[in-house]
Structure formats: structure tokens, C-alpha cells
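Asker: I have a structure I would like to understand better, so I am pasting it below and will then ask my questions one at a time.
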Amino acid sequence: MISWAMPHVRRLSSATSSRATMIQCNTRLRELVKTGSLGDARSLFDSMPYRDEISWTTLISGYVGATDITEAFALFSDMRGQPALHVDHFVLSLLLKACALNMNPNLGELVHGYAVKTGNANSIYVGSALLDMYTKADRIELGYRIFDEMPLKNVISWTALINGLVSCGHYREAVSCFAEMCKSEVQCNGHTFAIILKACADLGALSCGREIHTHIIKKGFDASSFVANSLATMYNKCWKFDTAVQLLERMPTQDVVSWTTIITTYIQMGMEESAFVTFLRMKRSDASPDEYTYGAVISACASLARTRCGEQLHAQVLCKGLLNSLPVANSIISMYSQLGQLSSALAIFHEITKRDIVSWNTIMTGYSQEGYGEEAFELLSCMRMEGLRPTESTLAVFLTVCGNMAILKQGMQLHAIVLSLGLEQAPTIQSALINMYAKCGSIKEASKIFDAATNYDIVVWTTMINGYAEHGYSNEAIDLFEKLASVGLRPDPVTYIGILTACSHAGIIDLGFNYFKSMTKEQQISPSREHYGCMIDLLCRAGRLDEAEHMIKSMPYECNDVVWSTLLRACKINVDVDRGRRIAEQILELDPNCAGTHIALASVYSANERWTDAAGIRKMMKSKGVTKEPGWSWIMVKDCVSTFVAGDQSHLHSEELYDVLNLLCSGETCVQDAVSLMYDVED
Numbered sequence: 001m002i003s004w005a006m007p008h009v010r011r012l013s014s015a016t017s018s019r020a021t022m023i024q025c026n027t028r029l030r031e032l033v034k035t036g037s038l039g040d041a042r043s044l045f046d047s048m049p050y051r052d053e054i055s056w057t058t059l060i061s062g063y064v065g066a067t068d069i070t071e072a073f074a075l076f077s078d079m080r081g082q083p084a085l086h087v088d089h090f091v092l093s094l095l096l097k098a099c100a101l102n103m104n105p106n107l108g109e110l111v112h113g114y115a116v117k118t119g120n121a122n123s124i125y126v127g128s129a130l131l132d133m134y135t136k137a138d139r140i141e142l143g144y145r146i147f148d149e150m151p152l153k154n155v156i157s158w159t160a161l162i163n164g165l166v167s168c169g170h171y172r173e174a175v176s177c178f179a180e181m182c183k184s185e186v187q188c189n190g191h192t193f194a195i196i197l198k199a200c201a202d203l204g205a206l207s208c209g210r211e212i213h214t215h216i217i218k219k220g221f222d223a224s225s226f227v228a229n230s231l232a233t234m235y236n237k238c239w240k241f242d243t244a245v246q247l248l249e250r251m252p253t254q255d256v257v258s259w260t261t262i263i264t265t266y267i268q269m270g271m272e273e274s275a276f277v278t279f280l281r282m283k284r285s286d287a288s289p290d291e292y293t294y295g296a297v298i299s300a301c302a303s304l305a306r307t308r309c310g311e312q313l314h315a316q317v318l319c320k321g322l323l324n325s326l327p328v329a330n331s332i333i334s335m336y337s338q339l340g341q342l343s344s345a346l347a348i349f350h351e352i353t354k355r356d357i358v359s360w361n362t363i364m365t366g367y368s369q370e371g372y373g374e375e376a377f378e379l380l381s382c383m384r385m386e387g388l389r390p391t392e393s394t395l396a397v398f399l400t401v402c403g404n405m406a407i408l409k410q411g412m413q414l415h416a417i418v419l420s421l422g423l424e425q426a427p428t429i430q431s432a433l434i435n436m437y438a439k440c441g442s443i444k445e446a447s448k449i450f451d452a453a454t455n456y457d458i459v460v461w462t463t464m465i466n467g468y469a470e471h472g473y474s475n476e477a478i479d480l481f482e483k484l485a486s487v488g489l490r491p492d493p494v495t496y497i498g499i500l501t502a503c504s505h506a507g508i509i510d511l512g513f514n515y516f517k518s519m520t521k522e523q524q525i526s527p528s529r530e531h532y533g534c535m536i537d538l539l540c541r542a543g544r545l546d547e548a549e550h551m552i553k554s555m556p557y558e559c560n561d562v563v564w565s566t567l568l569r570a571c572k573i574n575v576d577v578d579r580g581r582r583i584a585e586q587i588l589e590l591d592p593n594c595a596g597t598h599i600a601l602a603s604v605y606s607a608n609e610r611w612t613d614a615a616g617i618r619k620m621m622k623s624k625g626v627t628k629e630p631g632w633s634w635i636m637v638k639d640c641v642s643t644f645v646a647g648d649q650s651h652l653h654s655e656e657l658y659d660v661l662n663l664l665c666s667g668e669t670c671v672q673d674a675v676s677l678m679y680d681v682e683d
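Position one of the sequence shown corresponds to residue 1 (full-length UniProt numbering), numbered consecutively onward.
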């Protein structure tokens, strides 16, 4: 009896041992997948003598998490070939998630059919995954049908529907769906609140966001950092920056997202100094700055023109190994470009092994902003040689280049490319076209682009308002601004800069102050340094220098040389010597070697015929080694852009060219003779 039972015992022992080994392997497999070590996970999986449903599902989830849809489906196909294995609803929901992430609803339909065939379609997990996939693919009607046919609707299915609607930009439908969910007996979770807050943020629906905030407090989700971060983002996008900062500062503990949101909020408020202080506080806390934190604080450094800080941040990024992150590398390129260090920007650009279109757009934007339009066009040629096609953003960059250089012909050629690609209704392109035509002096063409726009977009309207304002069409700018409400658009901070500029150029002081008050009280937009700059310019142009100086001293920002320079120029026009001297001294405290300030102060003295004092300023400049950098000009002749500076002697035939200019200025020769002389020079 005993001898007969021994083989059976050994078999049981062997089976138990094999199962224990498989459990250990599955545990290790989960750890490898969780850390993203898919190569090691696959090696372990292939070496396992026994694999159950957990083994297959774990590895499939790893591939789905890495958005490797090919490997995920290959593994699923192998799993189906194992007769002893059962493909359950969890595996199918993973595959549907992969289809949603890769925007492949056609493949998802095959999984849907398999789910119906195997009786898994009624599973809450499969139904929610189907809902998520179809709505994200903008198949809203099919998504609603799946939702209506679900026998059980829980928080996962409701959240999947709302998330899908938000992902496709159907924000109002998402809000309506959320309202229906609240009427049902299903309770929202933190994820649901975070998604619906995004809808409110993108709609700019502050009142709706505040109602949801109240709901969050009642349900006790306000202590969740995940929900609090979403709330702060909503308040940010609704221009309630103060509320966003207060909300996050009150949190008992801040995670990396919270700190980064505070920093970006301060930057949006124009309070870059506060952003830096927050960054330093963050470094002293338990949270470690990530790539998004560094991207934000590097942009603040560029705004403050702090080269030294920028270099220190660059060094920190290198130490942390974050330069391989494209967002960080692109932000450093942008920073150096804005600081005028194009060689450093280009060096970082060349260090990036896998440049994306954002990298190219960033370096080309840097060159264009510094006035190197030709070099920007050369970079475009290099980009195309690498096989990258220009995007909407790329075309917008070069339309801006054409506008800045006032080269209308090339701008019109780009416009033709836009039409051939069918991008003329893209808001980014429309704004760039309006800006280009306006800067080239073709306001009528800019107006035609605006009138042809079929979508109401605040950026497009703002660009047209700014175009009118900059070219002295103040009445047109004001009329357009007044129409915003009638088309359902809400002015943003940039729109107010445009309308305040229009009032300043037209000398309409009372209306300018009315708009400034409505911005803060009705639209609840906190005035930035740029808004105060517009108001100071408005007062200066009207000769109200006392009020302008009082506003500079009372504004809630650190006074920089830009606002003081506005007042200094007004001192020259109004021959206010004492104030001019005092203002110049304050600017020189900020920037002792500012050539423009020295020259402006000399001009104030000259306007009051105080020639000795003016000469003294110029003598001081010489002794300090302060020189005014000459401004470049450019002209297009025969499709070739030529650049030059005042008094330029670099041309081979400069002597003959100046002879022609002198003749033209003296009026002692006819135009035909001058043309003949110019042809002689060309020859």
C-alpha cells in the first residue's frame, strides 16, 4: 500500500513545487514590468517552465504600458493558441486600451468582435475600455450606444465616457454627462473630478469649475494632491492665478506636480522672481524637480535675462542627466536664443541625438527673433533634408520671420503653400498670416484673412486687434474688441494688451482706463507687467507724467528698465529735465552700461538746449566704454536679402554707392542718371 502511494506523493510534491516556482516567477515578472524592464521581463517569461493566465496578462500589460501594440497583440495571439489558458475580460480590456492609446479603432473592432464571441462584451471592464476607445477615436455615437447597452454602469464606465468626450474636445457634452452622473447613484472619484476640471479649464468656464470645487470639498477630495493640482490648473486657465497659488500653498504637502504648477503660475503672472524663490523652496523640500519643473524655471530665467542663472540651471540638468529629455533640451535652446546666445543654442541643438520638430522650430524661432531670417531659412532647408516635413508650427514660425523682415513676397509664397496643404483654417496659421500681412503693411490683406476665418478663435481675433492697433487703426481695433462678446469669445490678457495699445496710440485715456478696470473686475484678469506698461505709455503720450510715475511706483511688480525708459522718452518730448535726470539715474542703477539710457538723457538735455550737459553725457559714455550697438536694416533686391548698418563701409563698391546716395540727396541729378550710375556700380 505504501509503495503504491509513493509515486503519487512525488507527483503531488512536484506539482506543488512547480506551482510555487511559477508564483515566484510571476512576482518577479510583475516587478520587472513595473520598473519598465521589459527586455528582462520577456527573458524571464520565455524561460519559465510553466506559465498561467497571470504570467501572460502581466507581460501583455507591460507591452500595453509601453504602447508596444505589436508585441502586445503577438503575445495575445500566442496565448489564444494555448488550449489550457482562458482569455478573460481583463486581457481584452488591456488590448482595447492599447488600441485607444495608439488610436487604432479598426483593430479595436476586431477585439470587440472577439469579446462578443467569447461572452465578455457585457463585462464592466471590457465595456468601459470599449467606451474609452471609441470616444477617443471621436466615434461618439458608437460610444454612447456601448454605454447605453451596458447592464451595469459604475464610476469606471461613467468616467470612461466623460474622459473620451474631453479627449476629443467635446467639453460641453462632457459637462452635461458629468451632471447626469451626479444625478445617478454613482459616486465620483478623484479621477472623475480631475477629468471634468480639465473640461472646465479648456472651456474657460470659471463658474462651472467653482461649482465642481464646492462638490469636491463636500466629498472630501480636496486633500488629494491629484485633484488639487487639477483644480489649480483649472484656475490658471481661467486667469485666476492668485486662487491657484493659494490653493496649492495651503496643501499640507506638495508633490512635484504641485510645485511645478506653482512655478508655472507665477511665470504666467509675470512674477518670475517668485517662480525662482518657489523653485529654491522646492529643492529644500522632499520633492525633486523633474524635467517639467526645469523646463518651467528655465523659461523664467530667459524672461528675466539672467544668463548666469541659466548656465547654472543648464549645469544642474547635465548633472541629473535630464538633457536627454527633449522638453528640457528644447527649453534650454529657447533660453539661450532669448538671451541672444545663438551659438550656445545651436551647440545644444547639435548635441540632441534625436531631434523632433519642436527642436527645429525652437532653434529656427531663435534665429528669426534675433533678426537672422536668412539663417532661419537655411535651417529649414536642413530640416527638410533630414526628412522632416514642416508642420503648422513651422509654417507659423516662417510667416513670423517674413513679417519681422517685412519680406512680403516670401510671405505670399508661404501663404500659397498653406493653401496647397489645406491649412488656411488652422487658427495658428490664420494668426501667423494676419500678423505677417499686418507687419508688411498690408492691413487690407490681413483683414481679408480674418474675414475668411470660419472658426471663432480668440488668438485670431487678438492678432487682428493687435495688427490694427500697431498700425494706427485704433477705431477698427476698438470696434473689433467690442464685438467679442457677441461671437461668444472672452478676451484674454494678450487681447487686453492689444486694445490698451490701441487706446494709447489714439490718445483715448478714459476708454483705456475703462478697459483696464473691466479687465480686473469683470474678466477677473490680474494685470501683468505688460498691461501696466501699456497704461504707463498711455499716460506718457498724454503728457500726464506725474500719474505715469505714480503708477510705476505703485504697480505690484519689480520696476524694470523698460517701464522707466518709457517715462524717460516722455521726459524728452515734454522737456522735463529734472524728472528725466532722476529717471535716468534709476535706470542706470539697474543697468549701468545701458547705451540707450545715456543717449536718451543726452537727448533730454539737448531738447532743453543744455548742450554742455548733453556733451557731458556723451563724454561719460566714452570714458565708461559704453557704445550703442548699431541697428541692422535689410532690403530685398531681385529676391536676395541684403543687410547693412548706418554708415556701412563693408561693400566692395561702398565709395561709388555713397556717391550715388549723395547725388540723390542733393537733388542735383535726375533719377535716370542715378539709375545709370547704379548699373555702373553693379557692373
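Don't be surprised by glycine CBs; every beta carbon is placed ideally from N, CA and C.
1. With a threshold of 8 Å on Cβ separation, who are the neighbours of I465 within its own chain once the five nearest residues in sequence on each side are excluded?
2. Using the C-alpha atoms, what's the distance from Y557 back to N662?
3. Give the DSSP-derived three-state secondary structure of S526 in the structure shown.
4. Between T454, S474, F450, G472, which has its C-alpha nearest T463's C-alpha?
5. Should E272 go down as buried or exposed, given a rule of 16 or more other Cβ atoms within 10 Å for buried?
6. Could you check what DSSP says for Q430 in three-state terms: helix, strand or coil?
7. Just reading off the alpha helix (DSSP H) that P289 is part of, what are its end residues?
8. Out of F45, I23, G340, state which residue places its alpha-carbon closest to the alpha-carbon of A305.
9. Is there contact between the region 382 to 402 and the region 336 to 353, where contact requires at least three CB pairs shorter than 8 Å?
10. Would a C-beta distance cut-off of 9 Å place I333 and A345 closer than the cut-off?
11. Out of curiosity, what's the CA-to-CA distance linking G441 and G472?
12. Give every residue of the same chain whose Cβ lies closer than 8 Å to the Cβ of L142, excluding the five residues on either side of it in the sequence, and list them in chain order.
13. For a cutoff of 9 Å on Cβ pairs, would you count F398 as touching chain D?
14. Mapping the DSSP letters down to three states, classify H86 as helix, strand or coil.
15. Kindly give me the distance between the Cβ atoms of G366 and M405, rounded to whole angstroms, as I take these residues to be in contact under 8 Å.
16. According to the Cβ coordinates, are M364 and V401 closer than 9 Å?
17. Judging by CA-CA distance, which residue of P289, K153, L131, S258 is the nearest neighbour of I146?
18. Ignore the nearest five residues each way along the sequence and tell me which others in S325's own chain have a CB closer than 7 Å to its CB.
19. Determine, using beta carbons only, whether A100 and K136 come nearer to each other than 9 Å.
20. Just the C-alpha distance for G65 and D52, rounded to the nearest angstrom, thanks.
21. Buried or exposed for K183, going by 16 or more other Cβ atoms inside 10 Å?
22. Going by other Cβ atoms of all chains shown within 10 Å of its Cβ, with 16 needed for buried, is H415 buried or exposed?
23. Our contact map puts A302 next to G310 with C-beta atoms below 8 Å; I'd like the distance itself, whole angstroms only.
24. T404 by DSSP, collapsed to three states: which one?
25. Counting Cβ pairs, one atom from each stretch, are 3 or more of them under 8 Å apart for the region 258 to 275 and the region 310 to 321?
26. In the structure shown, what three-state DSSP assignment does C319 receive?
27. Where in the region 227 to 305 do unbroken runs of the alpha helix (DSSP H), each at least 4 residues long, occur, reported from the N-terminal end onward?
28. Hey, would you say S123 sits closer than 9 Å to A160, going by beta carbons?
29. Taking the beta carbon of M620 as the centre, do at least 16 other beta carbons fall within 10 Å, making it buried, or is it exposed?
30. Helix or strand or just coil, what does DSSP make of A205?
31. Should M251 and A228 be called a contact, given that it needs their Cβ atoms to be closer than 9 Å?
32. Only counting the same chain, and skipping five residues up and downstream in sequence, which positions put a Cβ closer than 8 Å to that of K198?
33. How would you call S77, buried or exposed, if buried means at least 16 neighbouring beta carbons within 10 angstroms?
34. Where does P105 sit, in a helix, a strand or coil, going by DSSP?
Answerer: To lay it out plainly:
1. A477, L480, F481, T495, G498, I499, A502
2. 50 Å
3. Residue state, collapsed to three classes: coil.
4. F450
5. buried
6. helix
7. No alpha helix (DSSP H) contains P289, which DSSP labels as neither H nor E.
8. For A305, the nearest C-alpha among the options comes from G340.
9. no
10. yes
11. 11 Å
12. Y134
13. Note that chain D does not occur in the displayed structure, where there is just one protein chain.
14. coil
15. 15 Å between Cβ atoms; not a contact.
16. yes
17. L131
18. Same-chain partners within the cutoff: E291.
19. yes
20. 20 Å
21. exposed
22. In summary, H415 is buried, with 16 or more beta-carbon neighbours lying within 10 Å of its beta-carbon over all protein chains present.
23. 7 Å
24. One point to set straight first is that residue 404 is Asn, not Thr, in the sequence displayed. Correct three-state label for N404: helix.
25. no
26. helix
27. 241 to 249, 256 to 268, 272 to 284, 291 to 303
28. no
29. exposed
30. coil
31. yes
32. Closer than 8 Å at the Cβ level, and outside the excluded window around K198, lie V166, S230, T233, M234.
33. Note on S77: under 16 other CB atoms within 10 angstroms of its CB, so exposed under the neighbour-count rule.
34. helix
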